[in-house]
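Enquirer: Attaching a single structure in structure tokens format; questions to follow.
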Amino acid sequence: MEKIVYEQLKETLYYEKLPNGLDVYILPKQGFNKTFATFTTKYGSMDNTFVPLGKEEMVRVPDGIAHFLEHKLFEKEDHDAFQLFSKQGASANAFTSFTRTAYLFSCTSNVEQNLNTLLNFVQEPYFSEKTVEKEKGIIGQEIQMY
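Residue numbers (full-length UniProt numbering): 1 to 146.
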């Protein structure tokens, strides 16, 4: 891992790019008991196109897809990722900004188990017609709040 020292902040950051292209950053905090982790993608509310893996042509998707996926990824066929994090002693959440979508958790124990849960649930989406329609209604209600 590359070691990046920020003298003014008295912080040391570790960085590595994995073979699959994932950027990993680790910021150890001496004297802290809580671990905080995020899985962040550079795809936010302003985005509505992407190039599928192994393809060359851009695909257009409906506006708001990042926020929709933020909600949907927590819902699995046989469980809810929020409940799983809770059972493992973690608090989880997510947010969508203009340019990013982030999935996160914090915990004081079971760090490795919660990291595995985070990595798995963001990479294994589950969709059914019923749950997609339900989510459309929820997001529609959120939009009306603005």
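Every residue, glycine too, gets a C-beta built ideally from N, C-alpha and C.
Since we're looking at a predicted model, the values are computed, not measured.
Run through the DSSP bridge pairs and tell me what residue 158 is partnered with.
Expert: For the chain, the structure presents residues 1 to 146; residue 158 sits outside this window and is missing.
Enquirer: Write down the C-beta distance between F121 and G44 rounded to the nearest angstrom, noting that I regard them as a contact closer than 8 Å.
Expert: In fact, because the Cβ distance is near 19 Å, the residues do not count as touching under 8 Å.
Enquirer: Quick test of the definition: if touching needs 3 or more C-beta pairs under 8 Å, does the region 61-80 touch the region 129-138?
Expert: yes
Enquirer: Hey, which unbroken runs of the beta strand (DSSP E) at 3 residues or more fall wholly within the region 93-125?
Expert: 101-107
Enquirer: Excluding sequence positions up to five away, which residues of its chain have a Cβ less than 7 Å from the Cβ of D63?
Expert: N48
Enquirer: Take T38 as the anchor and find which of Y14, K130, K10 and L119 has the nearest alpha-carbon.
Expert: Comparing Cα positions, the closest option is L119.
Enquirer: Report the rounded CA-to-CA distance for N33 versus T108, giving the unit in angstroms.
Expert: 6 Å
Enquirer: Give me whichever residues DSSP pairs with E75 in a beta bridge.
Expert: D80
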